[in-house]
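These protein sequence lines map, in sequence, to chains S and X. Under numbering that gives the first Met the number 0, think of the first position of the first sequence as 0, with each following residue one higher. Under numbering that gives the first Met the number 0, think of the first position of the second sequence as 0, with each following residue one higher. Structure first, then comments.
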Amino acid sequence: MSKSIKDMGWDELVPGAALYSFDSNVDYLMAETQPEDRTYCETNSKNAYVGDWRVIKPVWNSELCIDCQNCWVFCPDTAIISREKEMKGVDYDHCKGCGICVQVCPTNPKSLLMFNETEKNEDALTKWPEKKKKGEE
Amino acid sequence: MNSKQMELNEVEVWDGNTCNAQALRQASVDVVAAYPITPSTNTVENYATFHANGYVDGEFIMVESEHAAMSACVGAAAAGGRVATATSSQGCALMVEVLYQCSGMRLPAVLCLVNRALAAPLNVNGDHSDMYLTRDAGWIQLDSFNAQNAYDLTLMAFKIGEHMDVRLPVISNQDGFLTSHTAQTVRPLKDEVAYNFIGDYVPVNAMLDFSKPVTHGVQTEHDWHFEHKAKQHAALQAAFPVVEEVFKEFKELTGREYNIVETHNLEGADVAIICLGTTYETATIAADELKEEGIKAAVVSPRLFRPFPLTQLAQKLQNVKAIACMDRSAPGGTVGALYNEVAGALINTEARPVMRNLIYGLGGRDITVHELKDIFRDLAKDAENGKITGKIQRLHGVRGPELSFYEL
C-alpha cells in the first residue's frame, strides 16, 4: 500500500473494508518472529495508536518483577512487552490503562502499579510502597 | 465439483424448492447453513438428502436460527468458501441484520428467498413483503416467474455475484407455494455443464489464507464508511453489464433467454402492467386474450429488483400511455415500492405515462386472469383520457368497500 489510507478515494479502498495485517505475503514463521521484525500494513492495529485514551498508566518496577508473565497473559491489548519470557516494559502506544496487569501481579509489593498519566516514570519509581508484612492489608 | 454426480433426465418434474436445491448441488457449494422455514423448507431438506446420499461434498450446518444461518454463511464466505442458504418471511426478517453485513463485507453468498408474507397476522402464503424488506440490504436480487426460472437464476446467481467486478451477495427470489410447491417441467443442465458454467470459486482475501492475514468485519467511522458504501453502490451498478453477459452466456448454453427487463407484447402497446414474480405469466395470458378486444396490452417485469434497472425500464416504457404498477406487499402508509421505483425511472423522461398503483395478492390471495383483464381495461380508459379516473392507489381484491388513496 503506497498511498495512505486517509488519502484514498472510494475506488481505491479494499472491497468489504477488509484490512490487511502485513505489507506482503507472510513467508516467515509468525510464532518465531518478534513483533518489531514483522512488516506491518498501515491498517494494522499495530499502527493504530490507542494509548491516548488513558488517564492512568501502569509503571513497571524491574527490581521487583519475577517474570511470571501473568501481566502479559492477561493484558487485553497485548501492551506488555515480553521477550524470551522476560518482561521488558509496557507498550504505552497501545495500553489503555485498564489496570488488569496490576491486579494480576503476584509480587509483594506489586511490581506494576497504576500512576497518574502525567507522573514521570522515574518519579513514580521513587514512590514505591514498602513490602507488606504477613496479615497486613 | 462434487465427486458423485447425479443422472438427470433431459426434462424433470421439479418444484421451485427442488430447483433451488439442485442448483446449489450443481454449484458445489462449500457450506450450506440451514434453518428451514415454510415455504423454503424443501430447499434445504432436498439439499440435506443430496448431502446424506453423497451427492454433495460440502458442509451442511444445522444452526439454531436464521440469524445464525446467515452468520454461518458470512463466516464461511469470509473464510473463503462458496456459501448458500434459503429462507422466507420471518426467517428473512431475522436474517436482515446479517444481510447488511454480508453485502458490506462484499461476500458473494447466495440466498434462495421463497417469498412469503410477513406477520402479523401470521401467514405462510406468498407475497412480496420479505423481498421488499431486503431491498436496501445491498444484495443483488433476481426474480423468477416459474420453476425453470428459479433453477436458472439460482445457478446464474453464483456466476453474477462471484464476478470480480461485482463480488456481492445475490438473492434468488421465487413466489412462495406458487413457484416453490408447484411441480413443473424443468430442463436441468448436466452436473458438469452447470458447474463449468459457474466455474471454480475464487476467494478474495480469504481468512484461511495464512500467508496473507486479513481482518474482516472492521469498524469504519465517518473517516471512510461513506467511501465503502460508495464502492458498494458502484459495484451494484456494475452488476448490470455482468448480468447481461451472464444472461447472454446462458442463452448460448441453453437457448433460454433472460433479460434485465422482461417484456411481453410491448411492441406498440398502449397500456402495461408492471409486476414481479408469478403474476407476470398470468398477466401475459390476460394481455394475449385482450387482443380480441382491441386493447394493446403489455406486461413488463424487471428481472432485477436490485440493482433496479431504472434506465432500461424508462427506455422500454416510452411509448406506453398508462401503467399499473402492481405491488404485492402491504404499502405501509405510502405507495408501493415498485410504483416508487418505476415513477423514479419515468419522472425525468419526455413521455410520462399515467401510473396507477395496485396493491394486490397479500398473504397469498389469488389474482386471476379475469381480474388482470379488468385492470387492463381500466388502464385502457386511463390511456384514452390521458389521466387516471379516481385515485392513484387502490387495494385490489380486498373485501368490503373500495379502498383507494392519493388523489391527483
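Note that beta-carbon positions come from the ideal geometry of N, C-alpha and C, so glycine has one too. Quick caveat, the model's predicted, so the values are computed rather than measured.
Rounded straight-line distance, which links the Cα of S/Ser-23 to that of X/Leu-235: Between the alpha carbons of X/Leu-235 and S/Ser-23 lies a distance of about 30 angstroms.
S/Pro-14 beta carbon less than 8 angstroms from that of X/Arg-305: No. Outside cutoff.
Helix, strand or coil at X/Ile-391 [DSSP, three-state]: Of the three classes helix, strand and coil, the one that applies to X/Ile-391 here is coil, per DSSP.
Start and end residues, alpha helix (DSSP H) containing X/Glu-243: Unbroken alpha helix (DSSP H) run through X/Glu-243: 238-253.
Rounded separation between X/Glu-370 and X/Ser-64 - CA only: The straight-line gap separating the alpha-carbon atoms of X/Glu-370 and X/Ser-64 is approximately 39 angstroms.
Beta-bridge partners of X/Phe-59, as assigned by DSSP: The partner list for X/Phe-59 (beta bridge, DSSP) reads X/Val-31.
Which of helix, strand or coil DSSP assigns to X/Trp-138: Of the three classes helix, strand and coil, the one that applies to X/Trp-138 here is coil, per DSSP.
Any non-hydrogen atom of the ligand GDP closer than 7 angstroms to X/Val-397 Cβ: With respect to small molecules bound, the structure shown includes none, and the ligand GDP cannot be examined in it.
The region 0-15 of chain X contacting the region 86-101 of chain S, beta-carbon criterion three pairs below 8 angstroms: Of all C-beta pairs linking the region 0-15 of chain X to the region 86-101 of chain S, fewer than three are shorter than 8 angstroms, placing the two stretches out of contact.
Neighbour list for X/Arg-105 in chain B, Cβ cutoff strictly below 7 angstroms: Absent here is chain B; the protein component of the structure consists of chains S and X.
Other residues of its chain near S/Trp-71: CB distance less than 6 angstroms, five sequence neighbours each side excluded: Leaving aside the five residues that flank S/Trp-71 on each side, the residues in its chain whose CB is nearer than 6 angstroms to its CB run, in chain order, Ile-79 and Ser-81.
Contact under 8 angstroms by Cβ, X/Asp-29 with X/Val-73: Contact flag unset, no.
Coarse secondary structure for X/Ile-346, derived from DSSP in three states: Reduced to three states, the DSSP call for X/Ile-346 is coil.
Simplified DSSP assignment, three categories, for X/Leu-289: X/Leu-289 falls in the helix class under three-state DSSP.
Nearest-angstrom Cβ-Cβ length linking X/Ala-408 and X/Ser-328, presumed shorter than 8 angstroms: No information on residue 408 of chain X is available, as it lies outside the stretch 0 to 407 that chain X covers here.
Residue closest to X/Tyr-46, alpha-carbon to alpha-carbon, out of X/Leu-357, X/Val-95 and X/Asn-19: Per the C-alpha coordinates, the member of X/Leu-357, X/Val-95 and X/Asn-19 positioned closest to X/Tyr-46 is X/Asn-19.
Within 8 angstroms, strictly: CB atoms of X/Phe-196 and X/Asn-124: Going by C-beta atoms, X/Phe-196 is not nearer than 8 angstroms to X/Asn-124.
CA-to-CA distance, X/Val-165 to X/Gly-198, given in whole angstroms: A direct Cα-Cα distance of roughly 15 angstroms separates X/Gly-198 from X/Val-165.
S/Gly-88 versus S/Leu-112, S/Leu-12 and S/Val-49, residue with shortest Cα-Cα distance: Check the Cα spacing between S/Gly-88 and each of S/Leu-112, S/Leu-12 and S/Val-49: the tightest is with S/Leu-112.
Three-state secondary structure assigned by DSSP to S/Trp-139: The question about residue 139 of chain S has no answer, for chain S in this structure spans 0 to 136.
Whole-angstrom C-beta distance between X/Gln-147 and X/Ala-118, which should lie under 8 angstroms: Cβ atoms of X/Ala-118 and X/Gln-147 stay farther apart than 8 angstroms, at about 31 angstroms.
Buried/exposed call for X/Trp-13, threshold 16 Cβ in 10 Å: Buried, by the Cβ-count rule.
Residue-level contact to chain X via CB, S/Phe-114, 8 angstroms cutoff: No, S/Phe-114 lies away from the interface with chain X (no Cβ there is under 8 angstroms from its Cβ).
Cut-off 6 angstroms between Cβ atoms - residues of its own chain near X/Val-245, not counting five sequence neighbours on either side: Same-chain partners within the cutoff: Met-155, Lys-158 and Ile-159.
Within 8 angstroms of chain S by C-beta, residues of the region 196-214 of chain X in sequence order: Correct list: Val-203, Asn-204, Phe-209, Ser-210, Lys-211, Pro-212, Val-213 and Thr-214.
Which listed residue (X/Asp-365, X/Ile-284, X/Leu-303 and X/Gly-331) has its alpha carbon closest to that of X/Ile-139: Its Cα nearest to that of X/Ile-139, the residue X/Leu-303 stands out among X/Asp-365, X/Ile-284, X/Leu-303 and X/Gly-331.
N- and C-terminal bounds of the beta strand (DSSP E) containing X/Cys-274: Under the DSSP assignment, X/Cys-274 falls outside any beta strand (DSSP E); it carries neither an H nor an E label.
Three-way DSSP call (helix, strand, coil) for S/Met-86 in this model: Here DSSP, grouped into helix, strand and coil, assigns S/Met-86 to strand.
Proximity of X/Val-62 and X/Ala-22 at Cβ, strictly below 8 angstroms: In this structure, X/Val-62 sits away from X/Ala-22, with a CB-CB distance that is not shorter than 8 angstroms.
Whole-angstrom C-beta distance between S/Asp-92 and S/Tyr-48, which should lie under 8 angstroms: Right, the Cβ-Cβ distance comes to about 5 angstroms (below 8 angstroms), so this counts as a contact.
Pairwise C-alpha distance: X/Asn-204 and X/Gly-80: Straight-line measurement puts the Cα of X/Asn-204 at about 11 angstroms from the Cα of X/Gly-80.
Contact check, X/His-345 vs X/Leu-316, beta carbons under 8 angstroms: Note that residue 345 of chain X corresponds to Leu in the displayed sequence, not to His. Here X/Leu-345 is near X/Leu-316, since their CB atoms are less than 8 angstroms apart.
Close-in-space but distant-in-sequence residues of the same chain around S/Leu-124 (CB under 8 angstroms, 5 per side omitted): Hits under 8 angstroms: Val-58 and Asn-60.
DSSP-derived helix/strand/coil call for X/Trp-223: Judged by DSSP in its simplified three-state form, X/Trp-223 adopts coil rather than helix or strand.
Beta-carbon proximity check, X/Ser-143 vs X/Ser-171, cutoff 8 angstroms: If you check the CB distance, X/Ser-143 and X/Ser-171 come in under 8 angstroms.
X/Phe-157 in three-state terms, based on DSSP: Three-state result, X/Phe-157: helix.
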